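Under full-length UniProt numbering, the first residue of the sequence shown is numbered 1, with each subsequent residue one higher.
We treat Cβ as the ideally placed atom computed from N, Cα and C, and that holds for glycine.
This one's a predicted model, so the numbers in the text were calculated from it and none came from an experiment.
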Amino acid sequence: MGDGNSTLWPFKTVFITGANRGIGLALVKRFLSLCHPPEYVFATYRTLETASELKSLSEVNTNLNLLELDVNNIESFDKVVSEVDSKLENRGLDLLINNAGIMDRSKLDAVTAEGMIQVYKTNVVAPLMLTKAFLPLLRRSVSQRNKDDSSKTFIVNMSSGAGSITNNTWSAMYPYRPSKAALNMITKSLSVDLADEGIMAVALHPGWVQTDMGGSNASLTIKESVDGLITVIGSLDESKNGGFLDYTGKTLPCISRSDMASSGNYSDQEKALEYVKSLIRPFPDFPIPGIIFRDICPVLYDCNALRTVTDILTEHIKANFAGVDAIVGLDARGFLFGPILSLNLNLPFVPVRKSGKLPGPTVKVSSTKEYGKDVLEMQVDGIQKGQKVVIVDDLLATGGTLQAACQLVKDAGGEVLECVLIVELEELDGKSKVPAPCYCLLKF
């Protein structure tokens, strides 16, 4: 639905915690600036001294109501709900955003029980108990909804990519990471328990944002994050219930493939590949404008996903080509997958590199790809005359690089049995240029 400026905003009453700074404050500003803003926005702050900008907003926006709330003071929740109920005058609450949270980056040698408990109370217990306290108003929202009404009733828990078990590839943040993983589980449980009542729940990852919590080195400005969050929140529907989404609307993985497989959710190859596909990230206009770069790095970060890909390719080669003599990998991501296949198949690995990267006598050929030209080369003794090879790379786009690699093998006296790849960009029709069969695991 865009950012809400051209379509009726689906939430007429909104409650958000932690609204005196950062993402919370920016969301409040966006709510108020919508073409059709909510009729009631309830925004909480911890102390009045830290809420001067929020207070100024309330003085010029009559639909903004400020409430003092320390989310660790769970005993005060009933009082806050009562205040909101009084102002709503028998209206329901359409959107509850549990945004307040704290960060503790403690590493293993510094983490304490007290720190773990404090972060868990703020980031996990408080959102659950506040949601529980607001259930009567959320249920009232559902009961007042007309069949033809576009309004919705949602619980949004502000989570973090740090709560993804799959994407945990670096240490530290012992208190924070588990708290967000737990919040994701609570979100899922709420989505199951409340779905029949018409109340939905999602967890949102705002990205790494330049806030007091995220720090100045973060990759996103507050505006970039909140612009995305507003679009995602405004577009929520039943299909997103129980989801873990980032600020672009992309679904994020919560747990690893092996955990999913053991639970029966990813018991076959097709579903395992669906999970691998969900990890691949699009980056528009990279490395040049007009190119959508499909980033496979998250597949490498997840050892289970990497194992899925290499195991499937290994079995495919075993089943179809008994006489393979070598695996040829293309610079650079073919070097990530090719050696694994070589080890699995007990075959030599032959690298094809960009010009100037290999010593000694080489065979060279020019290649054209979607964003430029390259010269590829291979050492003359890499492949012996008459040898049969399988070429490995990460992605098939326009087919120029693979076409050149096949020519290199031919010039060296070898034969390409097949090219195996992780991703194919179908609309570019690269297969038509490659003078060998292509086997691609995933298609975009």
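Can you tell me which of the options puts its alpha carbon nearest to the alpha carbon of residue i?
i	options	result
Lys240	Thr153, Lys318 and Leu220	Thr153
Leu252	Cys297, Pro287, Val226 and Ala203	Ala203
Thr62	Arg46, Pro38 and Gln384	Pro38
Pro178	Lys55, Ile292, Ser106 and Ala195	Ser106
Thr47	Val71, Cys303 and Lys410	Val71
Leu137	Gly115, Asp78 and Arg353	Asp78
Ile165	Val375, Ser52, Pro298 and Leu417	Pro298
Leu108	Leu396, Tyr176 and Arg353	Tyr176
Ala162	Ile199, Ala326 and Val209	Val209
Lys223	Asn20, Ala26 and Lys12	Ala26
Gln403	Glu59, Glu377 and Thr211	Glu377
Val276	Ile312, Asn73, Leu343 and Glu415	Ile312
For residue i, name the three-state secondary structure that DSSP assigns.
i	result
Val309	helix
Leu88	helix
Arg30	helix
Asp196	helix
Phe283	strand
Leu96	strand
Asn72	coil
Gln379	strand
Tyr301	helix
Thr44	strand
Glu39	coil
Met260	With a pLDDT of only 39 at Met260, under 50, the local geometry of the prediction cannot be trusted, and the value read off the model is given with reservation. Three-state result, Met260: helix.
Val416	strand
Ile292	strand
Asp227	helix
Give me the DSSP bridge partner(s) of residue i.
i	result
Cys440	Leu421
Met158	Leu204
Leu351	Looking at the sequence provided, one finds Pro at residue 351 rather than Leu. According to DSSP, Pro351 bridges with Gly329.
Asp393	Leu421
Measure the alpha-carbon distance for residue i versus residue j and round it to whole angstroms.
i	j	result
Ile186	Glu238	17 Å
Asp394	Pro127	42 Å
Gly18	Thr44	6 Å
Glu427	Gly399	12 Å
Val328	Leu336	12 Å
Val226	Gly24	9 Å
Ile422	Asp381	28 Å
Asp411	Lys385	9 Å
Gly413	Leu442	31 Å
Ile155	Leu347	54 Å
Met103	Val119	7 Å
Rounded to whole angstroms, how far is the Cβ of residue i from the Cβ of residue j, which I believe are closer than 8 Å?
i	j	result
Val84	Leu93	7 Å
Asp331	Val352	6 Å
Gly234	Trp9	6 Å
Thr310	Leu341	6 Å
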